[in-house]
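Written below as structure tokens is the structure these notes are about.
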Amino acid sequence: MILDPSGQEDPVRAIAFIDTGAHTTIINPKILSPSMWLPHQQEFRVANSGSLTIKLKSKPIRIELFPGCHITTEVLGSTAPGKDLILGWDSYYAFKKKFDIFIEPHGLKWKSLFKAFTSIPRLFAIEGLIPQEFTKIKEKLTEISCADSHTEFLQKCNNPLWLNSEFFKMLTKNPPQWTNRQTEAIRSLKTEVQKLPPLKIPSTGTRILQTDASDKYWGAILF
Numbered sequence: 360m361i362l363d364p365s366g367q368e369d370p371v372r373a374i375a376f377i378d379t380g381a382h383t384t385i386i387n388p389k390i391l392s393p394s395m396w397l398p399h400q401q402e403f404r405v406a407n408s409g410s411l412t413i414k415l416k417s418k419p420i421r422i423e424l425f426p427g428c429h430i431t432t433e434v435l436g437s438t439a440p441g442k443d444l445i446l447g448w449d450s451y452y453a454f455k456k457k458f459d460i461f462i463e464p465h466g467l468k469w470k471s472l473f474k475a476f477t478s479i480p481r482l483f484a485i486e487g488l489i490p491q492e493f494t495k496i497k498e499k500l501t502e503i504s505c506a507d508s509h510t511e512f513l514q515k516c517n518n519p520l521w522l523n524s525e526f527f528k529m530l531t532k533n534p535p536q537w538t539n540r541q542t543e544a545i546r547s548l549k550t551e552v553q554k555l556p557p558l559k560i561p562s563t564g565t566r567i568l569q570t571d572a573s574d575k576y577w578g579a580i581l582f
């Protein structure tokens, strides 16, 4: 419920979009009469890294969420598709501080009163498909693209990266010069690793990671 505190305008019912990520409350200018708006200039950075220019600011209005639960504030004016009122963090903080309202998973709560949320359909919701068809698509994607182990991945991947000739061309482009310094470093590394204990699986109990390695103790070094 949106009210004009001066009493000159009639109450207006609006559909509110609760957005705790929005800093400021914004109302569609068409919701209020033209006499309630004042010129205003303010820039915002939006989620897609673009900018939003606000050119209107309201006179003080009263926003009422429940009977007796209302605040008086100024709001910005801008259009938002399908939304009358974007209730930003500024308004929620004012309601929380004054009336101790709660945002719950399924709606707003104040004392014994509850106002349920209405879900908004996803932009790319799957429509026109019966459940069986969707299940078949999901199973096909899982069969072709998903693997639970490295062995299963190799069976499904016909073109592993290490067999891609273009990948090797990319690696060998402008390679660093190999000198005696690198050769000595490799020799020293081989000498040092001989002193280290072998890699091993410590037990046959529960492990954090699933591997294709043998359960027996093993050790390896690659050059």
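Each residue of the sequence shown is one higher than the one before, counting from 360 in the numbering used here.
In this text, a Cβ means the ideal position worked out from N, Cα and C, and glycines have one as well.
Just so we're clear, the structure is a prediction, and the values are computed from it rather than from any experiment.
P464 to K515, Cα distance in whole Å? Walking along the sequence shown from the start, residue 464 turns up at place 105. Walking along the sequence shown from the start, residue 515 turns up at place 156. Each residue's Cα considered, the two are about 41 Å apart.
Where does I496 fall in DSSP's three states? Residue 496 sits at position 137 when you count from the first residue of the sequence shown. For I496, the secondary structure class from DSSP, reduced to helix, strand or coil, is helix.
Please look up how many angstroms separate the CB atoms of G444 and I386, rounded, as I've assumed it's under 8 Å. Counting from 1 along the sequence shown, the entry for residue 444 is found at position 85. Counting from 1 along the sequence shown, the entry for residue 386 is found at position 27. Here residue 444 is Leu; the residue named in the question, Gly, does not match the sequence. Contact flag correct, Cβ pair sits at about 5 Å.
Per DSSP, cross-strand counterpart(s) of H429: Stepping through the sequence shown from its first residue, residue 429 is reached at position 70. Paired residues: E423.
From the DSSP output, which residues share a beta bridge with Q401? As a working note, residue 401 is residue 42 in the sequence shown. According to DSSP, which records beta bridges pairwise, Q401 is partnered with I413.
Quick one: grab the DSSP three-state call for E511. Locating residue 511 in the sequence shown gives position 152, counting from the first residue. Shown here, E511 sits in a helix according to DSSP, grouped into three states.
Could you compute how far the alpha carbon of K468 sits from the alpha carbon of H429? Within the sequence shown, the letter at position 109 stands for residue 468. Within the sequence shown, the letter at position 70 stands for residue 429. Distance between the alpha carbons of K468 and H429 is about 14 Å.
Would you list the residues sitting across from W583 in a DSSP beta bridge? The first residue shown for the chain is 360 and the last is 582, placing residue 583 beyond what the model contains.
With three or more beta-carbon pairs closer than 8 Å as the criterion, would you say the region 417-434 touches the region 361-377? yes
Specify whether the region 391-409 and the region 442-459 touch according to this definition: at least 3 beta carbon pairs, one from each stretch, less than 8 Å apart. Taking 8 Å as the limit for Cβ pairs, the verdict is that the region 442-459 does not touch the region 391-409.
Tell me whether A373 sits in a helix, a strand or coil according to DSSP, three-state version. Position 14 of the sequence shown holds residue 373. Residue state for A373 is assigned as coil, using DSSP reduced to three classes.
Name, in chain order, the residues that DSSP records as bridge partners for I462. By one-based count along the sequence shown, residue 462 stands at place 103. Bridge partners of I462: L467.
Assuming the contact rule is C-beta atoms closer than 8 Å, G466 and F476 should be a hit. Round their C-beta distance to whole Å, please. Numbered from 1 along the sequence shown, position 107 holds the residue referred to as residue 466. Numbered from 1 along the sequence shown, position 117 holds the residue referred to as residue 476. For a cut-off of 8 Å, the C-beta gap from G466 to F476 is around 5 Å, short enough to register as a contact.
In whole angstroms, what is the alpha-carbon distance linking L500 and I422? Numbered from 1 along the sequence shown, position 141 holds the residue referred to as residue 500. Numbered from 1 along the sequence shown, position 63 holds the residue referred to as residue 422. If I take the Cα positions, the gap works out to 48 Å.
Starting from the Cα of S478, find the closest Cα among F493, G441, A381 and give me that residue. Along the sequence shown, read from residue 1 onward, the residue named residue 478 stands at position 119. Looking at the Cα atoms, G441 is the closest of the given residues.
Mark A375 as exposed unless 16 or more other C-beta atoms lie within 10 angstroms of its C-beta, in which case mark it buried. To locate residue 375, count along the sequence shown from 1; it is residue 16. A375 comes out buried.
Give the single residue among I462, E498, F512, K389 whose Cα lies nearest to the Cα of D378. In the sequence shown, counting from the first residue as 1, residue 378 sits at position 19. Taking only the C-alpha atoms, the option nearest D378 is I462.
Start and end of the beta strand (DSSP E) containing K442? Stepping through the sequence shown from its first residue, residue 442 is reached at position 83. Unbroken run through K442: none, as it is neither H nor E.
Hey, H382 and G436: beta-carbon distance below 9 Å or not? Counting from 1 along the sequence shown, the entry for residue 382 is found at position 23. Counting from 1 along the sequence shown, the entry for residue 436 is found at position 77. No.
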